[in-house]
Amino acid sequence: MNIADIETIPFFENIEAKVTDSKINLGLYKLIPNPMRHNFILDMGNKNVVEVDCIHKQDKTELDAQFCRNKTNVCRVKHCADGNILFDVYFFAGIIDDFGDMEILTERNKISAFQNKEHKPDFEEVCKSLPEKCALKVCGEDFFIIQADFSKPNESEEVDSETDADEEKISSVPAMTGAFAILCDHKGKCHAIKVQQKSISSAGDQTYFCVSGVASRRNIQPAGNFHLIKANLTFSDQKKAASEFNKAKLAQITESNGSYLKAWREYSGARGDRVLKTAREFGAVHYESISKEAGTAKLYFKHDDGEKSISERVSESAVEEIIIFKNNEPLPLFLQDKKCDFLSYCEKKAEIKKQNKGEKKKDELVFEVLDSKDNWIEIRPVGEKISVDDIPEKGFVIMSMTGEESQIQRQMEAWKNIAEGKAGIVYLGNLLEGNFDIIGNVQRQKEVKITERIRKKIFKNPPTERQMDAIKIALLTPDIALIQGPPGTGKTTVLTAILEILNEMQDKRGITAGRVLISAYQHDAVYNMILDDKGKPRITVNSLPTWKYGSRRNGGGSYNEHIEQWCRDIEDKVLDLNPNVQVSSEEELFHAYTAEYICAPVSENRRRLLEYILGSLPITTELADRARKLNTLSEREAGLSEENPTLMRKIRALRTTEKSFADDGVKRAEDLYFALEGIKFFQTNKETESLLMKAVTEMPSDSTFAELAELKNMLLEEFSKPPRYVKPEADQTLVDLCRDIANHLEQQRGKKDKKEQIIAEWVQALQAGKAAFSRAIKDCDFAYAATTQQAEGSDLRKQKKLLSGGNIVAARLYDTVIIDEAARATPPDLLIPMCKAAKRIILVGDHRQLPQLVDDDICNEVYEKNKAAVQTEQNDSTQEQKADEDEKFDYESAYKLSLFELLFKKLKQLEEKDGIKRTATLDKQFRTHPLLGEFCSKMFYDPHGEHYDSPRPPSDFSHNLPGIENKAAVWIDVASSVGREAKIATGSWTRECEADCIISKLLEFAKSQADIPDEKKLSYGIISFYKGQKELIEKKLNGRKASLKGIKYKVGTVDAFQGMEFDIVFLSVVRTNKIAQYGFLTSFNRMCVSMSRQKKALIVVGDSAFVTTDKARKSNAIPALAEFYDLCVDNTKNKGFGAVLEWKK
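Residue numbers for the sequence shown follow my numbering, beginning at 19 and rising by one.
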């Protein structure tokens, strides 16, 4: 540090004095008053002192006045000659403080000003060099200059641009106790390292220092707040130190029985144990024979008396997929060691994988079970890497755990990353546990603005005050933000606005793709985020649709139909805006086939391209001759290399065992006979003809089956061609021909307007290269979408790795993770995307709606297991009882409370500590008629202090449906005398008269809109609490689809409707009995969802007498249905927008 860069108050410059020793080196020393001789002593260290006599009396008087105030000083000797010296004296505030060991934590970007732009040194090297840059050598000792209250600097500052290159505009700095700046020298310039002393514990008894920024100082003005300190100063990696500290704190919590994360980790482990148990019960079952069809196969098993048949095993274990092994292969690990639990099993598998690292992994033979009966199962391959031909003639099968196993392993890996401090937000686990004594992020308050562009693009109406608050809270959070959105309050709109603002804030100099992950627990919820109700892209950051990664089970990959539709829409818009542009349909196909061949130059694409050139394009004789020559060559090569797929299918289908022949053996032998006869095979193979004819006309003997098996192998060997493992490359001769044809077609079109020609070529490129467009979108999308599980899926990991350029951290993390319908997901699944957020996590949802999906049996199993452990450890009966009660409370509360609801409470507690608001509840709904909006708010949200308004007028929700014109709240009374509830075989409930009523009304409404264009017809949702009723209504509607042509409707249980909306909603109550059994109707959350999906009208169909009894009105019964009936009846309450109708068969 160069002391000449500052000027203290007071500061004395160019003092002349005489000294007793003329051999004084220039430098920094201490000046000490010497009252005995009325002069001063210059302390140069190591007991080396010199007397100093001021030449000017005024200088001595002023210095004496400062020494009386007990101030620390540094004397800078600037010149020494002939017994005279010239020096400056800097007086610092107070005495020298000795801080001892002083560790200051810093993040990499905070001290980037000290890195060489051309050659950036290692972060640790920069940290090691900083103390030397800050040190002030006085009398051979290291001191440091600090300036207090840096938030109000008294000199002009030049903020280093590199430090805040990717930061948003700072509007204010939070008031922190212990804020100061350490001055240092870098490349001849004075810099201030801004430091804050932050509290770890709520009591404030634990603190730490951290760097909040670096500023380059110039034109420094005199100041009285400079201090001189001694310290053993070090700078350390804040992320690493925070990770270690927070990890230790978290470990203490998760070892206790009250740990929320521990409870859910044990839940995942118990779920894994259940999967293992089921797979072990299924066991390894050997099959004796196999019959193969085109793409499917049947495995036949021996069935001994007293043992379960294969179909019974499949049914009892609910087996959906199996894995096939050869008889000589070892049993899978979980069957070798039947005592290990799921966690131990995963650890052993990981160890084996580590030992076999570098070895090529064999593809598992995984097959989907299509059907099973008695001693056989029918299967088909899962994926494209295997086929039925890979099935060994004899072997054994096990139940596939691949799906469940990978899901649980992803959960465990996320938990491990959080526990070890490897999550993007290193103290994430501490926050989830409600432990706020942590080393966290330095809060950076930023300015958030919604530009006019975003307002016009996202908001149909001006954003509400709460929506603006939610956006600011989400963007300014140092870690987690939570947005609660009651039905229709615009959660998705807020989410979309957040994405647009994040994109505007993003530094465009680096990689911008994949900065945000948007996720949800279920596939439908992800699609609801990225697509509107018409299937059009909803989230279009940078005008691009959002790619969804991962697919439903057996969904066939990440197919994104909406991307192709988006391409078609762009094409249509361009052509609509340019009606004079003509794009030939023949040219469209030609360019499409050409692009497809270049992208995948396989023989099939080559053949199709040449056939189209010769059959459909107006080309010259010379071009046609070149095409014919290439086509002849293709046919010759195809004859040498390709097999007859139809014939091969019939050969493989030949039955060669008594059991398989009994099914359809005669038909298969007959098919093969005629196929071979068609290629004149029998002219030289009379024995084959006789054998097949024998199989067709009489039941084969054992010797005949042996001959058929031998014949099958011979035919397979003769007609199948060995695979050619070559990488296909495009034929340059064919590529050149396509280029010449394209030029010829362009010349044929004649001279056109240059603009029209460019547009036509662009449209052709779009038509021909939708696959290329899709890839480009993936490489440019600012946000990626996936379910919580698929956030760790192979598709998404590959894409992130591709964009990261080998950066492991960048490949794993996102700046921001947004999770919609977060209250619906279980904590183990939520943790997967949450631990991938580097800057912020935004959870969007509503814990008043559908609860998280948990298995109650597993919850009870975990509780009972821990209860037994606690009882074993306790000796005193009183302590045992208390521990048991505490344990039950901890685990029950953990499993009943969603992570969303837990954080809703915890983050408000954290706000009390650090003053940072992290939660927001939206308070205005725009979806539904104000009468229905007020009703839902009153019944489901007001009791929790979460009231919301409905500002849109009733006129916005008008309709002319016959019998209920402009009515919003309608009850169709189906009395118990018309028909009662019925319990069906599955245990569910139905009420046929309600189903008939709903279908009758739906058909009536559809008929009234017959003359209206489809896009203007109303949409209908039909909701029931019971699967049986849902299936009954669907069955009755199957024969009425012609009458509902053009009508958009959906039938489902409540759980399928969250996040959806319809113009009209029918709610089927189903239950009506004399003993007041309400069943699922008592579910507060489900009732909330079922009564908030409509826009214009909610029509409840049920027995009013059943729902309006005193017992039904109690808070633990069905008060919402009773209140809704009252609303429909009372014209004062419903303001003329309610009605009660009676329905009879």
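From the three backbone atoms N, C-alpha and C, an ideal C-beta is built for every residue, glycine too.
Per the coordinates, the alpha-carbon of residue 45 lies some 14 Å from the alpha-carbon of residue 99.
Nearest Cα to residue 687 within the set 469, 264, 708: 708.
Put simply, of 967, 1050, 560 the residue whose alpha carbon is nearest the alpha carbon of residue 950 is 967. Taken atom to atom, the span from the alpha-carbon of residue 208 to that of residue 116 is near 23 Å. About 7 Å separates the CB atoms of residue 817 and residue 532; that is less than 8 Å, so the two are in contact. Looking at the backbone, the Cα of residue 1027 and that of residue 1021 are separated by about 10 Å. Rounded to whole angstroms, the separation of the alpha carbons of residue 810 and residue 851 is 8 Å. Of the other Cβ atoms in all chains shown, 16 or more fall within 10 Å of the Cβ of residue 840; this residue is therefore buried.
Using a C-beta cut-off of 8 Å, the segment 378–395 makes contact with the segment 333–341, since at least three inter-stretch Cβ pairs fall below that distance.
Sorting 1076, 1032, 1078, 1075 by C-alpha distance to the C-alpha of residue 1066 places 1032 at the top. For the 8 Å CB-CB criterion, residue 858 and residue 497 form a contact. Just measuring C-alpha positions, the residue of 1034, 1090, 1025, 1043 sitting nearest residue 1062 is 1025.
By the CB criterion at 8 Å, residue 73 and residue 59 fall outside the cutoff. Within a 10 Å sphere around the beta-carbon of residue 559 sit 16 or more other beta-carbons, which makes this residue buried.
Taking C-beta separations shorter than 8 Å and ignoring five residues to either side along the sequence, the partners of residue 68 in its chain run 37, 38, 39, 42, 59, 60, 62, following chain order. Taking 8 Å as the cut-off, the Cβ atoms of residue 103 and residue 95 count as close. Beta-bridge pairing by DSSP links residue 394 to 318, 391. In this structure, residue 489 lies away from residue 457, with their beta-carbon atoms at least 8 Å apart. At the C-beta level, residue 691 and residue 666 stay beyond 8 Å of one another. Rounded to the nearest angstrom, the gap between the Cα atoms of residue 29 and residue 255 is 37 Å. Runs of the alpha helix (DSSP H) lying entirely within the segment 418–461, each at least 4 residues long, are 420–437, 446–450 in chain order.
Linking residue 354 to residue 131 through their CA atoms gives a straight-line distance of about 59 Å.
Within the same chain, and ignoring the five residues on either side of residue 118 in sequence, the residues whose Cβ sits closer than 8 Å to its Cβ are 249, 250. The residues 278, 281, 282, in chain order, have a CB closer than 7 Å to that of residue 912 in the same chain once the five nearest residues on each side in sequence are set aside. The segment 797–867 is shown to contain whole alpha helix (DSSP H) runs of 4 or more residues at 812–822, 826–830, 845–852, in chain order. With 16 or more other Cβ atoms from the protein chains shown falling within 10 Å of its own Cβ, residue 1042 counts as buried. Taking 8 Å as the upper bound for CB-CB distance, residue 290 and residue 360 are in contact here, some 3 Å apart. The criterion of a C-beta distance shorter than 8 Å is satisfied by residue 803 and residue 567. Residue 208 has 203, 235 as its beta-bridge partners, per DSSP. Per DSSP, reduced to three states, the secondary structure at residue 157 is coil, with no helix or strand assignment. In this structure, the CA atom of residue 987 is about 15 Å from the CA atom of residue 1106. In this chain, the beta strand (DSSP E) harbouring residue 51 covers 45–52. Secondary structure note for residue 358: it is in no beta strand (DSSP E), with a DSSP letter that is neither H nor E.
By a beta-carbon distance limit of 8 Å, residue 535 does not contact residue 922. Their separation comes to about 22 Å. The DSSP-derived three-state label of residue 118 is strand. When the Cα atoms are used, residue 379 and residue 148 turn out to be separated by approximately 49 Å.
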